[in-house]
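Asks: First the structure, then my questions, so here it is.
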DNA sequence: GCCCAGGAGTGTG
DNA sequence: CACACTCATGGG
């Protein structure tokens, strides 16, 4: 019987389904009863909504669990204030009531970097599969048959041939080279860089271009001004703003329109565009 | 079987 | 700088 701990937290607003299920992060799983379970910094965390509170079930638990969850869900963000600022844009204003509890998450920088390098040109179920595989093979067991995401030192032991057998496709080589070109210390140094310099530094890494650099800046390094643009976002910008162009042009468009909260705007639009493709239930429109 | 995927790297115009 | 082509493969 593993050690186990329960506690209640108040992080508002928060919609677990929207926040953990929208493709920002890949290791949370929803069970039929609506609980979300995932590995976080060596803990297995289960989250469930209890009115305006969330119940946190952690094992092994410990004094750091509350801070861990608060950090991951960015409890410090004043989301209503962010949404009031973004509501100056008429397109966002109409849909914001439907995504009140969609928050940006804060991932571990290394995990985020690897995850989004693997995420290139793959769909979300496959990305989850790739990440599960490398976690099973190279991460440390933390209970219930779940492994932590492999640390840099653990993943660095994998040969290129081994990684190729993890179903990563051409991404295996990126990951192998990535391990050689960065380490925990370099990541620690990068945390201090201003956004644009961080972005340029990330782009020097193998497998990291504009889009991955923006994802890692946003979800890993917590830079809310980052605005990742993938195929879904290109569609959203074309459909809702009649805006097309190169990555640079779209990025500058977003920066001028959404400013310091571009990352939140991106996640709202991304969430909506995928809904739109799925069942037509889009919540943002330009009409 | 076909199509597409939270793109990046490389070479060319 | 902008575009075209290639990369390897699982999930819908």
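In our numbering, the protein residues as written are 34 to 320.
Note that CB positions come from ideal geometry on N, CA and C, so glycine has one too.
Just mark residue 261 as buried or exposed, buried being the case when its beta carbon has 16 or more other beta carbons within 10 Å.
Replies: Along the first chain, one-based indexing puts residue 261 at 228. Looking at its Cβ environment, which holds 16 or more other Cβ atoms inside 10 Å, residue 261 is buried.
Asks: Would you please state the rounded distance, in angstroms, between the beta carbons of residue 93 and residue 36? I believe it to be under 8 Å.
Replies: What you label residue 93 is simply residue 60 of the first chain in a count that begins at 1. What you label residue 36 is simply residue 3 of the first chain in a count that begins at 1. Going by Cβ atoms, the distance from residue 93 to residue 36 rounds to 4 Å, so yes, they are a contact pair.
Asks: If you draw a straight line from the C-alpha of residue 149 to the C-alpha of residue 181, how long is it?
Replies: What you label residue 149 is simply residue 116 of the first chain in a count that begins at 1. What you label residue 181 is simply residue 148 of the first chain in a count that begins at 1. Roughly 17 Å between the two C-alpha positions.
Asks: On the premise that residue 46 lies in contact with residue 133, defined as a C-beta separation below 8 Å, what is that separation, rounded to the nearest angstrom?
Replies: Walking along the first chain from the start, residue 133 turns up at place 100. Walking along the first chain from the start, residue 46 turns up at place 13. Going by Cβ atoms, the distance from residue 133 to residue 46 rounds to 5 Å, so yes, they are a contact pair.
Asks: Kindly identify the DSSP beta-bridge partner or partners of residue 90.
Replies: The residue you call residue 90 lines up with position 57 of the first chain. In the DSSP output, where bridge partners are listed per residue, residue 90 has 39 and 79.
Asks: Given this structure, state the Cα-to-Cα distance separating residue 204 from residue 84, to the nearest angstrom.
Replies: Indexing the first chain from 1 puts residue 204 at position 171. Indexing the first chain from 1 puts residue 84 at position 51. Going from the Cα of residue 204 to the Cα of residue 84 covers about 42 Å.
Asks: Does the distance from the CB of residue 98 to the CB of residue 91 come in under 9 Å?
Replies: One-based indexing of the first chain puts residue 98 at position 65. One-based indexing of the first chain puts residue 91 at position 58. Yes, the pair counts as a contact, with Cβ atoms nearer than the cut-off.
Asks: Starting from residue 54, follow the alpha helix (DSSP H) in both directions and report where the run begins and ends.
Replies: For the purposes of this step, residue 54 is taken as the residue at position 21 of the first chain. Residues 49-54.
Asks: Give me the Cα-Cα distance between residue 62 and residue 242, rounded to the nearest whole angstrom.
Replies: Start at 1 with the first residue of the first chain, and residue 62 comes out as number 29. Start at 1 with the first residue of the first chain, and residue 242 comes out as number 209. Roughly 28 Å between the two C-alpha positions.
Asks: Can you list the alpha helix (DSSP H) stretches of 4 or more residues lying completely in the segment 140-177, in chain order?
Replies: Here the runs fully enclosed are 142-151 and 157-171.
Asks: Residue 175 and residue 60 - do their beta-carbons sit closer together than 9 Å?
Replies: As a position in the first chain, residue 60 is number 27, starting the count at 1. As a position in the first chain, residue 175 is number 142, starting the count at 1. Against a cut-off of 9 Å, the Cβ pair of residue 175 and residue 60 comes out as no contact.
Asks: Do you know offhand how far residue 69's Cα is from residue 294's?
Replies: As a position in the first chain, residue 69 is number 36, starting the count at 1. As a position in the first chain, residue 294 is number 261, starting the count at 1. Taking the straight line joining both Cα atoms gives about 26 Å.
Asks: Which residues in the same chain as residue 193 place their Cβ atom closer than 8 Å to its Cβ, once the five residues preceding and following it in sequence are excluded?
Replies: Position 160 of the first chain holds residue 193. Once the five neighbours on either side are set aside, the close Cβ partners of residue 193 are 205, 206 and 209.
Asks: Kindly list the residues whose CB is nearer than 6 Å to the CB of residue 44, restricted to its own chain and excluding five residues on each side of it in sequence; keep chain order.
Replies: In the first chain, residue 44 corresponds to position 11, counting from 1. Counting only Cβ-Cβ distances below 6 Å, and skipping sequence neighbours, we find 106 and 108.
Asks: Among residues of its own chain, excluding the 5 on either side of residue 255, which ones have a beta-carbon nearer than 7 Å to its beta-carbon?
Replies: Counted from its first residue, the first chain places residue 255 at position 222. Hits under 7 Å: 139.
Asks: Output needed for residue 280: all residues of its chain with C-beta closer than 8 Å, excluding positions within five of it in sequence on either side, in chain order.
Replies: Along the first chain, read from residue 1 onward, the residue named residue 280 stands at position 247. Same-chain partners within the cutoff: 243, 244 and 262.
Asks: Closer than 6 Å by C-beta to residue 217: which residues in its own chain qualify, once you throw out the five before and the five after it? Chain order, please.
Replies: Counting from one through the first chain, the residue named residue 217 turns up at place 184. Excluding positions up to five away in sequence, the list reads 185.
Asks: Which same chain residues end up closer than 7 Å to residue 173 when comparing Cβ atoms and leaving out the 5 residues on each side of it in sequence?
Replies: Position 140 of the first chain, counted from the start, is the residue given in the question as residue 173. Excluding sequence neighbours, residue 173 sits near 180 and 181.
Asks: Count the other C-beta atoms from every protein chain shown that fall within 10 angstroms of the C-beta of residue 191, then say buried if there are 16 or more, exposed otherwise.
Replies: The residue you call residue 191 lines up with position 158 of the first chain. It is buried - the Cβ of residue 191 has at least 16 other Cβ atoms within 10 Å.
Asks: Taking DSSP's pairing of strands, which residues face residue 71 in a bridge?
Replies: Taking the first chain and counting its residues from 1, one reaches residue 71 at position 38. BP columns for residue 71 point to 78.
Asks: Is the beta carbon of residue 56 closer than 9 Å to that of residue 303?
Replies: Counting from 1 along the first chain, the entry for residue 303 is found at position 270. Counting from 1 along the first chain, the entry for residue 56 is found at position 23. Their beta carbons are under 9 Å apart, which means residue 303 touches residue 56 by this criterion.
Asks: When the Cα atoms are used, what is the spatial distance from residue 51 to residue 308?
Replies: Residue 51 sits at position 18 when you count from the first residue of the first chain. Residue 308 sits at position 275 when you count from the first residue of the first chain. Looking at the two C-alpha atoms, the distance is approximately 11 Å.
Asks: Could you tell me the boundaries of the alpha helix (DSSP H) in which residue 267 lies?
Replies: Indexing the first chain from 1 puts residue 267 at position 234. That run of the alpha helix (DSSP H) goes 264-274.
Asks: If you follow the alpha helix (DSSP H) that residue 186 is part of, which residue opens it and which one closes it?
Replies: On the first chain, residue 186 is found 153 positions in, with the first residue counted as 1. Run containing residue 186: 185-188, per the alpha helix (DSSP H) assignment.
Asks: Give me the Cα-Cα distance between residue 79 and residue 71, rounded to the nearest whole angstrom.
Replies: Looking up residue 79 in the first chain gives position 46. Looking up residue 71 in the first chain gives position 38. Rounded to whole angstroms, residue 79 to residue 71 spans 7 Å at the Cα level.
Asks: Closer than 7 Å by C-beta to residue 196: which residues in its own chain qualify, once you throw out the five before and the five after it? Chain order, please.
Replies: Within the first chain, the letter at position 163 stands for residue 196. Hits under 7 Å: 205, 208 and 209.
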